[in-house]
Ligand SMILES: CC(C)(COP(=O)(O)OP(=O)(O)OC[C@H]1O[C@@H](n2cnc3c(N)ncnc32)[C@H](O)[C@@H]1OP(=O)(O)O)[C@@H](O)C(=O)NCCC(=O)NCCS
């Protein structure tokens, strides 16, 4: 018999409180029920890799504390996934950022980053790290804008290589570190 009261087995909070209210958007922690809409947003946001729905379900559950959804009038408009690398507790690694095409260019990407970093956390990250392809101008400018707001430095090194690591199937990804925050 399954004991639904077993510690750690509660499915989800009954209501999802807004954590942060932006100019037009509400920012909150994702839940298991957001995963399909998040997957659809990622699929509609090239050049992001379309991850499996299972991957997104894990992000919306195990990694929900380091992910953000942005909603406008109840509709999903933005998503950030991240995690704290186990061997780098001072780092928030930002995996993917997606903003609905019609909502781009008005600061939502940077606002979601700020919402992620504004969560109550006794071990607040000192660094934001991410990877970007050299050709992704929008992503580069979004992270540059964030660094400027935070008066932080930006460091960039080669990391995942097109030939060596991606087997020629993906543009190289540079590792960007922004900090100290
Ligand atoms: C990258 C992305 C998340 C940015 O979201 P956004 O809400 O439009 O970003 P912001 O409005 O906060 O923009 C911040 C900066 O990026 C610039 N920018 C936004 N879209 C741009 C574009 N298409 N081309 C060039 N610069 C762009 C803005 O002008 C701003 O720069 P500025 O402050 O120097 O003027 C969004 O374009 C997107 O979802 N792209 C597809 C997925 C992707 O590439 N994700 C990033 C990789 S993880």
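Residue numbers (this note's numbering): 1 to 181. The C-beta atom is built at its ideal place from N, Cα and C for all residues, glycine as well. Model, not experiment: these values are computed from the prediction.
Extent of the continuous beta strand (DSSP E) run through residue i
i	result
residue 80	75-83
residue 160	153-160
residue 90	That residue, residue 90, is in no beta strand (DSSP E); it is neither H nor E in DSSP.
residue 179	173-179
For residue i, the first and last residue of its enclosing alpha helix (DSSP H)
i	result
residue 113	108-117
residue 147	137-149
Residue environment, residue i, which counts as buried when at least 16 other CB atoms sit within 10 Å
i	result
residue 81	buried
residue 52	exposed
residue 109	buried
residue 23	exposed
residue 165	exposed
residue 25	buried
Chain D contact for residue i (CB, 8 Å cutoff)
i	result
residue 90	Among the chains of the structure shown, chain D does not appear; only one protein chain is present.
Where residue i falls: helix, strand or coil (DSSP)
i	result
residue 59	helix
residue 23	coil
residue 105	coil
residue 36	helix
residue 64	helix
residue 70	strand
Proximity test, residue i beta-carbon vs ligand 1 heavy atom, cut-off 7 Å
i	result
residue 154	no
residue 134	no
residue 92	no
residue 137	yes
residue 69	no
residue 59	no
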